[in-house]
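Q:
Residue numbers (the numbering used here): 548 to 947.
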């Protein structure tokens, strides 16, 4: 079965085409700068990156460009669009309406629309992709895989905020969590790597990169996570503030006469590592600056790592211990120094890192703790697209 996986943002479309019989990736790439004259499609061909410059006004044009390159006589990997058996979509916010992946129907579309206020930047863009496929591949089944679904197993004590209860009942204000597809994949995959039963494990998954979140997983189910109603809560991120005293925000609104939109921009785009360092939101550049003695870069890195340590320690306490810690995401998979600095203070609970091995591991599935470590520490590259493809296949097969 050939399944196309789409991740549609407000001005971009990322894609992968899978042969799910073998789980091989047949094609991958993405369209960027949709709506601008300098928009382009980039994709891999014979191991090299190719770029096609395109002037695309909307997502219909972008997805059509993807479909054309998939069937292109030179660059393509399929002869006809009829070979695409289904399309799986990353959908960011399912609220409390979705606790798993679903076949996209008209009813599901309406329910996703009802979640728009919870993710005004993400859900509309995701659904534009669904509507574009409706037009370009009529009759092809589509599945929705939600970032929030994996965290629907959290107990009320984890997802409730200590705000007036009416805001939960009437407005849906609660912790939802994100990166759920990644947390689900790596928590399952690490158990396969270690040959253990997920039902017996207490796992902390650290999905850390420009965006980041941590999840506490017991028996294969999420019981807590760092992101909240929105992806702004929790860890310090590339340009997001993470946890901040809400009183600081109301203070700034009054003192500087900031509007709602001003505050939104500050906490999402003008904060985090980039703001503290004054340099960049790229952790590779931050580490390089630290090595050159840049004080604010060092402060940014120290803060970034300290927030991760705090959440790992808190979740270990919440679960009554931890058996496995997983690092994934762009930083988790590749920044060896961050992993070492996060694990160093965790020696008190039995974490013992193989320092030499850790220095060599970048983006590969590897146990980086010592054989004597009471807690297994493992690097597991995430594969959200494969998870979406697997879910989509299972949904399509259930229709037969």
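For glycine and all other residues, C-beta sits at the position ideal for the given N, C-alpha and C.
This structure is a prediction, so every number in the text was calculated from the model and none was measured.
I need the boundaries of the alpha helix (DSSP H) containing residue 613, first residue and last residue.
A: 606-617
Q: How would you call residue 660, buried or exposed, if buried means at least 16 neighbouring beta carbons within 10 angstroms?
A: exposed
Q: Could you round the C-beta distance between residue 738 and residue 872 to whole angstroms and report it? I think they count as a contact, below 8 Å.
A: Not a contact, Cβ separation roughly 13 Å.
Q: Name the DSSP bridge partner or partners of residue 578?
A: Residue 578 is bridged by DSSP to 560, 588.
Q: Under 8 Å Cβ to Cβ from residue 768, same chain only, skipping five residues before and after it: list those, please.
A: Only 700 meet the Cβ criterion.
Q: Under a Cβ-count criterion, where at least 16 other Cβ atoms within 10 Å of its own Cβ denotes burial, should residue 638 be classed as buried or exposed?
A: buried
Q: Does the segment 803-814 come close enough to the segment 835-845 that 3 or more CB-CB pairs lie under 8 Å?
A: The segment 835-845, when compared against the segment 803-814, does not touch it at the 8 Å Cβ threshold.
Q: How long is the line joining the alpha carbons of residue 645 and residue 696, rounded to whole angstroms?
A: Going by the C-alpha atoms only, they are around 6 Å apart.
Q: Residue 681 to residue 623, Cα distance in whole Å?
A: 22 Å
Q: Determine, using beta carbons only, whether residue 896 and residue 936 come nearer to each other than 8 Å.
A: No, these two residues do not count as a Cβ contact at 8 Å.
Q: In angstroms, rounded to a whole number, what distance separates the CA positions of residue 949 and residue 940?
A: Residue numbering for the chain in the displayed model covers 548 to 947; residue 949 lies beyond these limits and cannot be assessed.
Q: Looking at the unbroken alpha helix (DSSP H) that takes in residue 807, where does it start and where does it end?
A: 807-816
Q: Apart from the five residues on each side of it in sequence, which residues of its chain come closer than 7 Å, Cβ to Cβ, to residue 731?
A: 697, 934
Q: Please tell me whether residue 892 and residue 856 are closer than 8 Å, where the distance is taken between their beta carbons.
A: yes
Q: Less than 8 Å between the beta carbons of residue 887 and residue 900, yes or no?
A: yes
Q: Looking only at DSSP bridge pairs, what is residue 597 linked to?
A: 590
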